[in-house]
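In my numbering, the protein residues as written are 247 to 831.
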């Protein structure tokens, strides 16, 4: 139950609505129970008539009719208040669910990239969807029925004690047994609920990865083995759910059994008290049987409510596990910073936490605002890492990164990232229209700006060739487009943002040399007053840069302009000669 303390702030937020719900519930229970004394009174009238104490049949009928109308009236009023009760508690629970989902999603957005490398998408989705839904059942139905059970029990016991105190004492004898049974079953339900949610996360993760990689699965014709693995995981999940249901199944029969025992006690003890004269009228016994049976559903619901609470506790524990994760990178201040684009690396070294691979070793370079830097090197040499560090997606281990002469760790994080247009190596597009994917970098952009950005990225002709043009809706991760088209749409998205710093991470690898040349010429005009860093494997993408650095195993082994590097023996000259020969062939 300690995990659910996190939700107390939501109870406080909606305290007045919950208080109104509590008052309505009490009113509903009072009116619901009021029919029992009326039935007892009716029984007493009939008993007096049968005993000859009352002889006027018309008077008897008149009294019974009044009682019937009162019973009908109180029942209708109780039904109305019950409707209001459900509206209050269930609606409030939906508001709390909304708040909790927003809290989880906002926290996900603040967490660093390392977190996403260590946790799977399916598990993240399950915690914000199914786990939150389990918690919502606690916030709504569980709270509502707990209040109903408590108020019903209190009101019923007050009426019972007022009617026959000694008989009431005998009636509640099974309650300690019930409390012990609930405790034991609750512990078992909590353990099994945690396991069920863990398996559900595994199922979601497996399914999400299978659908995302369906092209690979089909290419290798491994559908049977994938289906077999899913079946195995699904069967294990089913077995864990059955284990949970088996424990939950004990509750309701146990409740009914204990209520039955209470009825037997009422009939036996109450009957003996009537025979001995301790209870004068049989209507008391009738009322007690009705009171006990009125407790049947509230008491029986304890099992269901307990199950909901334990499942919610298990789910909230999983939610808290991620909510308690602190982001590695936080915004150092609220005041915005003006970014011009001067970038300097001073003896920077960096190692990835998840793989323990040292990507950069004592790297130093400087690029002034408006200049272009090209970074060339073999795969795994640390090229992409430099771009990620400039966007402060990671923090360095040693050295210092300066933006406009200021340490990057002291800059407003939002200002820094808004000043950057980043085109990643693996172009990611959203399942939305091409238009919205481009103006994602500038939501207020008009049609003219969107088209111009697409032209600069040499993708406009491809887009207007689609039947719906810029309104074409892309598949997941932009699967509708080819690799080169995805890269160019990503370039358009970065260009339209009009940032001070442009970072291109090998984003022309999937286009032909002719299209590459066209895009580079367009970028040359666009990036005249912007700091630009181009990561590439091609000399053609780097030759016009103001400065070129060559990385190997995380170290700079060469640097200079295109002409300077060609005058030296080394990696750049060899790469240029090799690619020139390939072009001529």
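Backbone N, C-alpha and C fix where the C-beta goes; we use that ideal spot for every residue, glycine too. Everything numeric in this text was worked out from a predicted model, so none of it was measured.
Ignore the nearest five residues each way along the sequence and tell me which others in residue i's own chain have a CB closer than 7 Å to its CB.
i           : result
residue 731 : 705 and 708
residue 685 : 691, 696 and 742
residue 393 : 268 and 271
residue 434 : 493
residue 556 : 432, 435, 436 and 439
residue 420 : 504, 507 and 508
residue 211 : Only positions 247 to 831 of the chain appear in this structure, which leaves residue 211 out of reach.
residue 257 : 264
residue 399 : 541 and 544
Would you mind reading off the limits of the beta strand (DSSP E) that contains residue i?
i           : result
residue 584 : Segment: none, residue 584 is in no beta strand (DSSP E) and carries neither H nor E.
residue 668 : 666 to 669
residue 782 : 777 to 782
residue 834 : In this structure the chain extends from 247 to 831, so residue 834 is not present and cannot be described.
residue 619 : 618 to 623
Per DSSP, which residues does residue i bridge with? Please list them.
i           : result
residue 788 : Looking at the DSSP assignment, residue 788 forms no beta bridge with any residue, so it has no partner.
residue 679 : 719
residue 265 : Per DSSP, none; premise fails for residue 265.
residue 495 : Note: residue 495 sits in no beta bridge, so no partner.
residue 606 : 596
residue 804 : 796
Under DSSP, the alpha helix (DSSP H) around residue i begins and ends at which residues?
i           : result
residue 376 : 376 to 383
residue 399 : 389 to 409
residue 636 : 629 to 636
residue 535 : 528 to 540
residue 731 : 729 to 742
residue 766 : 759 to 772
residue 254 : 254 to 259
For residue i, name the three-state secondary structure that DSSP assigns.
i           : result
residue 797 : strand
residue 612 : strand
residue 660 : helix
residue 595 : strand
residue 690 : coil
residue 653 : strand
residue 674 : coil
residue 703 : coil
residue 647 : strand
residue 368 : helix
residue 328 : helix
residue 710 : helix
residue 483 : helix
residue 470 : helix
residue 641 : coil
residue 418 : coil
residue 302 : coil
residue 574 : coil
residue 725 : coil
residue 601 : coil
residue 547 : helix
residue 817 : helix
residue 561 : helix
State the CB to CB distance for the pair residue i and residue j, rounded to an integer number of angstroms; the pair is presumed to be in contact (CB under 8 Å).
i           : j           : result
residue 288 : residue 310 : 6 Å
residue 574 : residue 358 : 4 Å
residue 602 : residue 644 : At roughly 15 Å, the Cβ-Cβ gap does not stay under 8 Å, so residue 602 and residue 644 are not in contact.
residue 745 : residue 666 : 5 Å
residue 385 : residue 343 : 7 Å
residue 738 : residue 702 : 7 Å
residue 777 : residue 747 : 5 Å
residue 620 : residue 780 : 5 Å
Looking only at its chain, what residues have a beta carbon closer than 8 Å to the beta carbon of residue i, apart from the 5 residues adjacent to it on each side?
i           : result
residue 371 : 450 and 454
residue 283 : 405 and 533
residue 823 : none
residue 446 : 372, 376 and 483
residue 569 : 252, 349, 350 and 353
Can you tell me whether residue i sits near the ligand SAH, meaning its C-beta is under 7 Å from at least one heavy atom of the ligand?
i           : result
residue 441 : The ligand content of the structure shown is nil, which means the ligand SAH is not present either.
For residue i, I'd like the list of residues in its chain whose CB is within less than 6 Å of its CB, leaving aside the five on either flank, ordered along the chain.
i           : result
residue 381 : 558, 561 and 562
residue 801 : 607
residue 825 : 785
residue 552 : 428 and 432
residue 636 : none
residue 818 : 796, 804 and 811
Under 8 Å, Cβ to Cβ, is there at least one residue of chain B near residue i?
i           : result
residue 633 : The structure shown contains no chain B; it holds only a single protein chain.
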